[in-house]
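>
There are 2 protein chains.
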Amino acid sequence: MRTPYLLFLGDAPEFSMIKTAAGIREWRPEFSRAQFRLPGCGVDLGLPDMTPAEAAAEGVGTMVLGVVNVGGFISEVWLASIVAALEAGLDVASGMHQRLADIPIIAEAAARLGRTIHDVRQPKQVFTPGNGAKRSGKRLLTVGIDCVVGKKYTALAIEKAMRARGMKADFRATGQTGIMIAGHGVAIDAVIADFISGAAEWLSPANDPDHWDVIEGQGSLFHPSYAGVTLGLIHGSQPDAIVVCHEPVRTHLLGLDYPVPDLRTCIDANLAAARLTNPEVRAIGISINTSRMGATEVDQVVKDIEAETGLPCCDPIRHGASKIVDLLDA
Amino acid sequence: MRTPYLLFLGDAPEFSMIKTAAGIREWRPEFSRAQFRLPGCGVDLGLPDMTPAEAAAEGVGTMVLGVVNVGGFISEVWLASIVAALEAGLDVASGMHQRLADIPIIAEAAARLGRTIHDVRQPKQVFTPGNGAKRSGKRLLTVGIDCVVGKKYTALAIEKAMRARGMKADFRATGQTGIMIAGHGVAIDAVIADFISGAAEWLSPANDPDHWDVIEGQGSLFHPSYAGVTLGLIHGSQPDAIVVCHEPVRTHLLGLDYPVPDLRTCIDANLAAARLTNPEVRAIGISINTSRMGATEVDQVVKDIEAETGLPCCDPIRHGASKIVDLLDA
Numbered sequence: 012m013r014t015p016y017l018l019f020l021g022d023a024p025e026f027s028m029i030k031t032a033a034g035i036r037e038w039r040p041e042f043s044r045a046q047f048r049l050p051g052c053g054v055d056l057g058l059p060d061m062t063p064a065e066a067a068a069e070g071v072g073t074m075v076l077g078v079v080n081v082g083g084f085i086s087e088v089w090l091a092s093i094v095a096a097l098e099a100g101l102d103v104a105s106g107m108h109q110r111l112a113d114i115p116i117i118a119e120a121a122a123r124l125g126r127t128i129h130d131v132r133q134p135k136q137v138f139t140p141g142n143g144a145k146r147s148g149k150r151l152l153t154v155g156i157d158c159v160v161g162k163k164y165t166a167l168a169i170e171k172a173m174r175a176r177g178m179k180a181d182f183r184a185t186g187q188t189g190i191m192i193a194g195h196g197v198a199i200d201a202v203i204a205d206f207i208s209g210a211a212e213w214l215s216p217a218n219d220p221d222h223w224d225v226i227e228g229q230g231s232l233f234h235p236s237y238a239g240v241t242l243g244l245i246h247g248s249q250p251d252a253i254v255v256c257h258e259p260v261r262t263h264l265l266g267l268d269y270p271v272p273d274l275r276t277c278i279d280a281n282l283a284a285a286r287l288t289n290p291e292v293r294a295i296g297i298s299i300n301t302s303r304m305g306a307t308e309v310d311q312v313v314k315d316i317e318a319e320t321g322l323p324c325c326d327p328i329r330h331g332a333s334k335i336v337d338l339l340d341a
Numbered sequence: 012m013r014t015p016y017l018l019f020l021g022d023a024p025e026f027s028m029i030k031t032a033a034g035i036r037e038w039r040p041e042f043s044r045a046q047f048r049l050p051g052c053g054v055d056l057g058l059p060d061m062t063p064a065e066a067a068a069e070g071v072g073t074m075v076l077g078v079v080n081v082g083g084f085i086s087e088v089w090l091a092s093i094v095a096a097l098e099a100g101l102d103v104a105s106g107m108h109q110r111l112a113d114i115p116i117i118a119e120a121a122a123r124l125g126r127t128i129h130d131v132r133q134p135k136q137v138f139t140p141g142n143g144a145k146r147s148g149k150r151l152l153t154v155g156i157d158c159v160v161g162k163k164y165t166a167l168a169i170e171k172a173m174r175a176r177g178m179k180a181d182f183r184a185t186g187q188t189g190i191m192i193a194g195h196g197v198a199i200d201a202v203i204a205d206f207i208s209g210a211a212e213w214l215s216p217a218n219d220p221d222h223w224d225v226i227e228g229q230g231s232l233f234h235p236s237y238a239g240v241t242l243g244l245i246h247g248s249q250p251d252a253i254v255v256c257h258e259p260v261r262t263h264l265l266g267l268d269y270p271v272p273d274l275r276t277c278i279d280a281n282l283a284a285a286r287l288t289n290p291e292v293r294a295i296g297i298s299i300n301t302s303r304m305g306a307t308e309v310d311q312v313v314k315d316i317e318a319e320t321g322l323p324c325c326d327p328i329r330h331g332a333s334k335i336v337d338l339l340d341a
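Same order as they appear, the protein sequences are chains L and H.
Per this note's numbering: the first sequence = residues 12 to 341.
Per this note's numbering: the second sequence = residues 12 to 341.
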């Protein structure tokens, strides 16, 4: 994708609907040149507001749809802006389920103008089933008690902490926002079911013995909607290390009337699953999401979890991820 | 699909590669009119050998690709035969991942000649993620220590045994061969990864309280290529009962340098996974594949497994599945 980006926030009324844009703004500030908001937009990423034409004049390469919605469809309200971006000379990238390439007015404009449209959720590769063969290099996978608990953020924070101390590390994206941040990856939940572990093997190929792939986890072994994706990703990733992502105040799975598993059960189940393709796997830390907790409460929870599990525990947003990386850099 | 069938065995060197053809031959003998073999084919289903033209003259309606391979692609070696079948007046059905409809020479021939091509592995429905909500009716799922161990055969034999004693039962197909036998179903490994459990929920909808869906299992929780599919199918099926399929003389997973799990470990892991969406799940029998064992050896193995597990054990090919159904019909 041609950088830098114009982050399209559309008519998003609230922050929870621009998580793709917010992720790019946080982790790739150097690419986040401007934002483009429509009437009705209720959020602000603190970037200069530009139209596609203004952004093109400033050297922007791609307009990224940074807004999400339930269903993952391209809103009709956005169509004129997308075509305007193509006409201004920008490429356009989307992580929605619905493909830009399937919308005639967009496909035609891109073809006529010679622009590139990126539907990053659509796998471009042809995958094969995983083969479970051992690959060189080291791999860390984030797993979780539930969806939307911080697996992507944790992986990015660990990559950052590793690189800060000179370790060889690459974040490996498995979801649309991660792919936009990294510039590559595979939306693992969008591949054909037979090829989940094969796609995960493709994502973290053989590498130097001291190189770490830090792989973004998806779903949860305890989530009845998505556990199949989670298990295939675990098997294909062959992690040497797992970091378990947890939100201490969460009681029920996202969107379902199912309780969250307890932390010990979650650690053990993920290790048992991972041992199939890597008998040496270890749990090396607990990453907690404390966005709904106060500072005093957080300190106590960290102590409690460390005592209970014997593993380092931190919130990567509050504390960074150095504490977890210490164990791998010994 | 227009019956009867010409079963295309292609250049398959060994029996394990024609399981689709063998399944149709076994469970739908009335539709299995002839076989079509290419040079190099090392298997024989005991049907008359016919070319597509000869089969058409005998009233055959559809040529079914009865051969499988890892990856599910249409071999170039088969293309001329497929086109010949279309030109002879036959429809063509395939259970491969790669679609006949995507191969220009086949699509063009079908369009020009007015024939129908059936890509049964391609889901026709639009699925959504599973929701884990309880459904009425009872469900039995076959699971296994490995792939290709008898899960489809066991499910079909259990449906047959249930119906023979007047129980309400329906075989639910999850793979291409099962779909060709049943006439409907979903190739669960061909759906988008996000929708595995949702597709399984769709496959066995709410039903009468005394009705059994007998669901064909896929893969194995212990197979690093396919375990994600297996787990999503378990969660979406919400089985009340599982039957564990086993081959006592098998030492390694199909095609991989991985040992098979021991039977107890396999039973426990499948029950643990199934409890997430149905805490009442029970293991109710062991189905063994004894095709590579002698009769005396089989008798001893049945006794040993029954003593070890406390569950009824039988080979549905040698013994039928009544012994397993007894426990549900009490």
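Ideal Cβ positions, reconstructed from N, Cα and C, are used throughout, including at glycine.
#1: Considering just the uninterrupted stretch of the beta strand (DSSP E) at Ser105 of chain L, what are its terminal residues?
#2: Quick check: Pro59 of chain H and Gly148 of chain H, are their CB atoms within less than 8 Å of each other?
#3: Which value, in whole angstroms, describes the spacing of the CA atoms of Leu154 of chain H and Pro270 of chain H?
#4: So, using beta-carbon positions, are Glu87 of chain L and Leu124 of chain L closer together than 8 Å?
#5: With three or more beta-carbon pairs closer than 8 Å as the criterion, would you say the segment 152-166 of chain L touches the segment 290-306 of chain L?
#6: Straight-line CA distance for Ala204 of chain L to Arg176 of chain L?
#7: Check each candidate in H:Tyr237, H:Ala95 and H:Trp38 and name the one with the smallest Cα separation from Ile169 of chain H.
#8: Drop a sphere of 10 angstroms on the beta-carbon of Ile116 of chain H, count the other beta-carbons inside from all chains shown, and report buried for 16 or more, exposed for fewer.
#9: Would you list, in chain order, the members of the segment 264-279 of chain L that have their beta-carbon closer than 7 Å to a beta-carbon of chain H?
#10: Have a look at Gly53 of chain L and Ala66 of chain L and give me their C-alpha separation to the nearest angstrom.
#11: Of all the options H:Ile278, H:Gln249, H:Lys163 and H:Cys325, which has the alpha carbon lying nearest to the alpha carbon of Pro235 of chain L?
#12: If we define contact as Cβ-Cβ less than 8 Å, is Pro140 of chain H a contact residue for chain L?
#13: Measuring alpha carbon to alpha carbon, tell me which residue in H:Glu291, H:Glu308, H:Ser105 and H:Val313 is nearest Leu151 of chain H.
#14: Once you ignore the five residues that flank Gly106 of chain H on each side, which residues in its own chain have a CB closer than 6 Å to its CB?
#15: Cβ of Gln229 of chain L within 8 Å of Cβ of Ile278 of chain L?
#16: Can you pull the DSSP bridge partners for His129 of chain L?
#17: Kindly indicate which three-state DSSP category Thr153 of chain H falls into: helix, strand or coil?
#18: Hey, how far is the Cα of Ile253 of chain L from the Cα of Arg293 of chain L?
#19: For a cutoff of 8 Å on Cβ pairs, would you count Leu287 of chain H as touching chain L?
#20: In terms of alpha-carbon separation, which member of L:Glu258, L:Gly331, L:Ser231 and L:His246 lies closest to His246 of chain H?
#21: Are the Cβ atoms of Ser43 of chain H and Leu18 of chain H separated by less than 8 Å?
#22: In whole angstroms, what separates the C-alpha of Gly70 of chain H from that of Ala95 of chain H?
#23: Please name the residue in H:Val81, H:Ile190 and H:Arg146 whose C-alpha comes closest to that of Ala361 of chain H.
#24: In chain order, what residues of the same chain have a beta carbon less than 6 Å from the beta carbon of Ile29 of chain L, not counting five sequence neighbours either side?
#25: Does DSSP put Gln311 of chain L in a helix, in a strand, or in coil?
#26: For Asp251 of chain L, which of L:His257, L:Gly196 and L:Ala284 has the nearest alpha-carbon?
#27: Short of 6 Å in beta carbon distance, which residues of its chain neighbour Leu265 of chain L, apart from the five on each side in sequence? Order them along the chain.
#28: Less than 8 Å separating the beta-carbons of Arg183 of chain L and Ile226 of chain L?
#29: Please name the residue or residues paired with His257 of chain H in a DSSP beta bridge.
#30: Between L:Glu119, L:His257, L:Gly239 and L:Leu244, which lies nearest to Val309 of chain L when the distance is taken from Cα to Cα?
#31: Give the DSSP-derived three-state secondary structure of Ser86 of chain L in the structure shown.
#32: With 8 Å set as the bound, which would you pick, yes or no: does the beta-carbon of Leu242 of chain L sit closer than that to a beta-carbon of chain H?
#33: Can you give me the C-alpha to C-alpha distance between Val202 of chain L and Asp113 of chain L, rounded to a whole angstrom?
#34: Scan the segment 176-208 of chain L and note each continuous alpha helix (DSSP H) run of 4 residues or more that stays entirely inside, going in chain order.
#35: Since Pro235 of chain L meets chain H, which of its residues come closer than 7 Å, beta carbon to beta carbon?
#36: With burial defined as no fewer than 16 other Cβ atoms inside 10 Å of the residue's Cβ, what is the status of Asn80 of chain H: buried or exposed?
Let me spell this out:
#1: Counting from 1 along the first sequence, the entry for residue 105 of chain L is found at position 94. From DSSP, the beta strand (DSSP E) with Ser105 of chain L extends over Asp102 to Ser105.
#2: As a position in the second sequence, residue 59 of chain H is number 48, starting the count at 1. As a position in the second sequence, residue 148 of chain H is number 137, starting the count at 1. No. Outside cutoff.
#3: On the second sequence, residue 154 of chain H is found 143 positions in, with the first residue counted as 1. On the second sequence, residue 270 of chain H is found 259 positions in, with the first residue counted as 1. Before going further, note that residue 154 of chain H is Val rather than Leu in the sequence given. Approximately 17 Å, taken between the alpha carbons.
#4: The residue labelled residue 87 of chain L in the question sits at position 76 within the first sequence. The residue labelled residue 124 of chain L in the question sits at position 113 within the first sequence. Going by C-beta atoms, Glu87 of chain L is not nearer than 8 Å to Leu124 of chain L.
#5: yes
#6: In the first sequence, the residue the question calls residue 204 of chain L occupies position 193. In the first sequence, the residue the question calls residue 176 of chain L occupies position 165. In a straight line, the C-alpha of Ala204 of chain L is about 38 Å away from that of Arg176 of chain L.
#7: For the purposes of this step, residue 169 of chain H is identified with residue 158 of the second sequence, where counting begins at 1. Comparing Cα-Cα distances from Ile169 of chain H to each of H:Tyr237, H:Ala95 and H:Trp38, the minimum goes to H:Trp38.
#8: As a working mapping, residue 116 of chain H is identified with position 105 in the second sequence. Ile116 of chain H comes out exposed.
#9: Leu267 and Tyr269
#10: Along the first sequence, one-based indexing puts residue 53 of chain L at 42. Along the first sequence, one-based indexing puts residue 66 of chain L at 55. Gly53 of chain L and Ala66 of chain L: Cα-Cα distance of roughly 21 Å.
#11: Taking the first residue of the first sequence as 1, we reach residue 235 of chain L at position 224. Closest by alpha carbon: H:Gln249.
#12: If you number the second sequence from 1, residue 140 of chain H lands on position 129. Yes, Pro140 of chain H counts as interfacial toward chain L.
#13: Indexing the second sequence from 1 puts residue 151 of chain H at position 140. Measuring from the Cα of Leu151 of chain H, the nearest candidate turns out to be H:Glu291.
#14: For the purposes of this step, residue 106 of chain H is taken as the residue at position 95 of the second sequence. Result list for Gly106 of chain H: Thr31, Val131, Arg132 and Gln187, in chain order.
#15: Position 218 of the first sequence, counted from the start, is the residue given in the question as residue 229 of chain L. Position 267 of the first sequence, counted from the start, is the residue given in the question as residue 278 of chain L. No, these two residues do not count as a Cβ contact at 8 Å.
#16: The sequence position of residue 129 of chain L within the first sequence is 118, counting from 1. DSSP output for His129 of chain L lists L:Ala104 as bridge partner(s).
#17: The count along the second sequence starts at 1 and reaches residue 153 of chain H at position 142. The answer is strand: DSSP assigns Thr153 of chain H an E or B state.
#18: Working through the first sequence from its first residue, we reach residue 253 of chain L at position 242. Working through the first sequence from its first residue, we reach residue 293 of chain L at position 282. Straight-line Cα distance between these residues: approximately 6 Å.
#19: Numbered from 1 along the second sequence, position 276 holds the residue referred to as residue 287 of chain H. With 8 Å as the cut-off, Leu287 of chain H counts as an interface residue toward chain L.
#20: Counting from 1 along the second sequence, the entry for residue 246 of chain H is found at position 235. Residue L:Ser231 is the option with its Cα nearest to His246 of chain H.
#21: As a position in the second sequence, residue 43 of chain H is number 32, starting the count at 1. As a position in the second sequence, residue 18 of chain H is number 7, starting the count at 1. Closer than 8 Å, so yes.
#22: Here the question's residue 70 of chain H lines up with position 59 in the second sequence. Here the question's residue 95 of chain H lines up with position 84 in the second sequence. One C-alpha to the other measures close to 16 Å.
#23: In the structure displayed, chain H extends from 12 to 341; residue 361 of chain H sits before or after that span and is not available.
#24: Walking along the first sequence from the start, residue 29 of chain L turns up at place 18. Answer for Ile29 of chain L: Leu20, Ala23, Val54, Gly77 and Val78, listed in chain order.
#25: By 1-based counting over the first sequence, the position of residue 311 of chain L is 300. Reduced to three states, the DSSP call for Gln311 of chain L is helix.
#26: By 1-based counting over the first sequence, the position of residue 251 of chain L is 240. Among L:His257, L:Gly196 and L:Ala284, the Cα nearest to that of Asp251 of chain L is on L:Ala284.
#27: For the purposes of this step, residue 265 of chain L is identified with residue 254 of the first sequence, where counting begins at 1. Answer for Leu265 of chain L: Asp157, Cys158 and Val159, listed in chain order.
#28: To locate residue 183 of chain L, count along the first sequence from 1; it is residue 172. To locate residue 226 of chain L, count along the first sequence from 1; it is residue 215. Yes, they are a contact pair.
#29: The residue you call residue 257 of chain H lines up with position 246 of the second sequence. DSSP lists H:Ile299 as partners of His257 of chain H.
#30: Along the first sequence, read from residue 1 onward, the residue named residue 309 of chain L stands at position 298. For the residues L:Glu119, L:His257, L:Gly239 and L:Leu244, the minimum Cα distance to Val309 of chain L belongs to L:His257.
#31: The residue you call residue 86 of chain L lines up with position 75 of the first sequence. It is coil, neither helix nor strand.
#32: Along the first sequence, read from residue 1 onward, the residue named residue 242 of chain L stands at position 231. Yes, because at least one Cβ of chain H sits closer than 8 Å to the Cβ of Leu242 of chain L.
#33: Taking the first sequence and counting its residues from 1, the one referred to as residue 202 of chain L is at position 191. Taking the first sequence and counting its residues from 1, the one referred to as residue 113 of chain L is at position 102. About 18 Å.
#34: 187-193
#35: Translated into the one-based positions of the first sequence, residue 235 of chain L becomes position 224. By Cβ distance, chain H contributes Gly141, Gly143, Ser208, His246, Leu287 and Thr288.
#36: Indexing the second sequence from 1 puts residue 80 of chain H at position 69. Exposed, because fewer than 16 other Cβ atoms sit within 10 Å of the Cβ of Asn80 of chain H.
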